[in-house]
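Using numbering that gives the first Met the number 0, read the sequence shown as starting at 0 and increasing by one per residue. Glycine residues also receive a C-beta, built at the ideal position from the N, C-alpha and C atoms. Notes for the one structure printed next.
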Amino acid sequence: MSYQFTIIVPVYNEEDNLLRVEQELLAYAKTASKSTKILLVNDGSKDKSQEFMEAICQRNSIFEFISFKENRGLSAAIKAGFDYADTPLVGYIDSDLQTAPSDFNILLQHIGEYDLVTGVRSNRKDSFVKNMSSKIANGVRRSFTHDGMDDTGCPLKVIKTDYAKRIPMFKGLHRFLPAMILLQHGKIIQVPVQHFPRIAGEAKFGLWNRLIGPLVDCFAYKWMKKKYINYEIETRS
Numbered sequence: 000m001s002y003q004f005t006i007i008v009p010v011y012n013e014e015d016n017l018l019r020v021e022q023e024l025l026a027y028a029k030t031a032s033k034s035t036k037i038l039l040v041n042d043g044s045k046d047k048s049q050e051f052m053e054a055i056c057q058r059n060s061i062f063e064f065i066s067f068k069e070n071r072g073l074s075a076a077i078k079a080g081f082d083y084a085d086t087p088l089v090g091y092i093d094s095d096l097q098t099a100p101s102d103f104n105i106l107l108q109h110i111g112e113y114d115l116v117t118g119v120r121s122n123r124k125d126s127f128v129k130n131m132s133s134k135i136a137n138g139v140r141r142s143f144t145h146d147g148m149d150d151t152g153c154p155l156k157v158i159k160t161d162y163a164k165r166i167p168m169f170k171g172l173h174r175f176l177p178a179m180i181l182l183q184h185g186k187i188i189q190v191p192v193q194h195f196p197r198i199a200g201e202a203k204f205g206l207w208n209r210l211i212g213p214l215v216d217c218f219a220y221k222w223m224k225k226k227y228i229n230y231e232i233e234t235r236s
């Protein structure tokens with residue numbers, strides 16, 4: 000089958016969520032507006048996630064997986080997904096499924112005109128501390144990037160794959176995906192999506208990851224923006 004859309008699902012110690020990931024993404028694939036396959040990326044899990052992933056892929060032809068030798072972080076998992084994607088469009092969703100796979104169809108409605116479409120979580124179902132730290136971090140990031148995005152941490156995005164593959168990822172850069180598309184003179188938009196409480200597993204980000212870490216990453220982004228190489232070919236022989 001010729002697929003048009005790859006959904007990347009980073010996995011780190013999510014054995015309690017993976018059967019639900021299988022069920023919900025299978026259900027989505029049946030109603031997807033683009034022919035869809037799913038790429039599970041095991042970021043060095045220490046639990047039984049790898050066993051679950053292998054079983055899921057054996058049962059379902061639309062599922063594939065790659066596994067890291069060791070834990071390398073969310074940005075590395077997303078980059079690996081970009082590197083291995085072989086479809087015109089690529090998407091990303093967290094394995095905790097606090098966002099709904101069905102909302103990919105809302106994002107896909109806009110991808111023709113835009114090069115990245117990101118969700119913005121409406122009525123977030125997170126703790127007060129998590130919501131406030133995220134709001135502050137997004138405000139600081141916007142002041143550095145001027146990307147106009149309210150919720151770059153939303154784990155629901157669709158990107159044209161040729162743009163995604165040109166992003167020079169580094170640790171923490173998953174928060175700057177819209178800004179990195181703008182550096183390529185691409186067009187971005189955010190649209191509201193659903194948000195749900197985490198049902199199983201544990202959150203992988205604490206206060207450092209949500210607030211202090213992103214502030215440090217902003218300076219890395221500023222350095223990269225000054226050094227970023229972008230060009231267009233006019234003619235060739």
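Contact check, residue i vs residue j, beta carbons under 8 Å
| i | j | result |
| --- | --- | --- |
| E21 | I61 | no |
| T98 | L176 | no |
| K159 | D114 | yes |
| R19 | G43 | no |
| D146 | I110 | no |
| I166 | F81 | yes |
| G171 | S74 | yes |
Status (buried if at least 16 other CB within 10 Å, exposed otherwise) for residue i
| i | result |
| --- | --- |
| H194 | buried |
| T35 | buried |
| I228 | exposed |
| R58 | exposed |
Rounded Cβ spacing between residue i and residue j (contact assumed at less than 8 Å)
| i | j | result |
| --- | --- | --- |
| N41 | F64 | 6 Å |
| V116 | D150 | Not quite, the Cβ-Cβ distance comes to about 13 Å (not below 8 Å), so this is no contact. |
| T86 | Y27 | Going by Cβ atoms, the distance from T86 to Y27 rounds to 15 Å, so no, they are not a contact pair. |
| K78 | M168 | 4 Å |
| I7 | Y91 | 5 Å |
Neighbourhood of residue i by C-beta distance below 7 Å, restricted to the same chain and skipping five residues each side
| i | result |
| --- | --- |
| K33 | Q3, F4, L88, L107 |
Proximal residues to residue i (C-beta, below 8 Å), its chain only, five neighbours per side dropped
| i | result |
| --- | --- |
| S48 | V10, Y11, N12, E13, E14, L17, N41 |
| T30 | S101, N104 |
Proximal residues to residue i (C-beta, below 6 Å), its chain only, five neighbours per side dropped
| i | result |
| --- | --- |
| L310 | This structure cannot speak to residue 310, because the chain is shown only from 0 to 236. |
Ranges of the alpha helix (DSSP H) found wholly within the segment 16-53, counting only runs of at least 4:
17-30
At 3 residues or longer, what runs of the beta strand (DSSP E) sit wholly inside the segment 48-125?
62-66, 88-92, 115-120
Complete runs of the beta strand (DSSP E) confined to the segment 148-182 [at least 3 residues]
155-159
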